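Notes for the one structure printed next.
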Amino acid sequence: MGVLPGTIGLVQATETVKMILGQGIPLVGKLLMYDALSTSFNTFKVRRDTNCPVCGDNPTITELIDYQAFCSMDHSEAAD
Numbered sequence: 008m009g010v011l012p013g014t015i016g017l018v019q020a021t022e023t024v025k026m027i028l029g030q031g032i033p034l035v036g037k038l039l040m041y042d043a044l045s046t047s048f049n050t051f052k053v054r055r056d057t058n059c060p061v062c063g064d065n066p067t068i069t070e071l072i073d074y075q076a077f078c079s080m081d082h083s084e085a086a087d
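The numbering of the sequence shown is the numbering used here, which starts it at 8 and goes up by one.
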């Protein structure tokens, strides 16, 4: 299964190029499932969660988290 990350990375790169060029049908709002053992792909529609704290109608998380402060790390520990 060593090639699995490469396969998924290739799909992600293809999606990026499609978005940049505005060509094709992107996987926006869809979940892509890849079964490496049977070499098959399935897509599922995913509905937007209007209560999501990041992308919902009233987001409460609007900036990135400072993980060093969140985890109570001082800067000397972070450099290790």
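Ideal Cβ positions, reconstructed from N, Cα and C, are used throughout, including at glycine.
Just so we're clear, the structure is a prediction, and the values are computed from it rather than from any experiment.
Q) Skipping 5 residues on each side, what residues in its chain have a beta carbon closer than 7 Å to that of Ile-15? A) On the sequence shown, residue 15 is found 8 positions in, with the first residue counted as 1. Within the same chain, Ile-15 has close Cβ partners Tyr-41.
(Q) Per the DSSP calculation, Tyr-74 is bridged to which residue(s)? (A) The residue you call residue 74 lines up with position 67 of the sequence shown. In the DSSP output, where bridge partners are listed per residue, Tyr-74 has none listed.
(Q) For Ala-43 and Asn-58, I'd like the C-alpha separation in whole angstroms. (A) As a working note, residue 43 is residue 36 in the sequence shown. As a working note, residue 58 is residue 51 in the sequence shown. So the two alpha carbons sit approximately 34 Å from each other.
Q. Do Gly-36 and Val-18 have their C-beta atoms within less than 8 Å of each other?
A. As a first step, residue 36 is located in the sequence shown; it is residue number 29 there, counting from the start. As a first step, residue 18 is located in the sequence shown; it is residue number 11 there, counting from the start. No; because the gap between Cβ atoms is not below 8 Å, this pair is not in contact.
(Q) Tell me the rounded alpha-carbon separation between Thr-50 and Leu-34. (A) As a position in the sequence shown, residue 50 is number 43, starting the count at 1. As a position in the sequence shown, residue 34 is number 27, starting the count at 1. Cα to Cα, Thr-50 sits roughly 9 Å from Leu-34.
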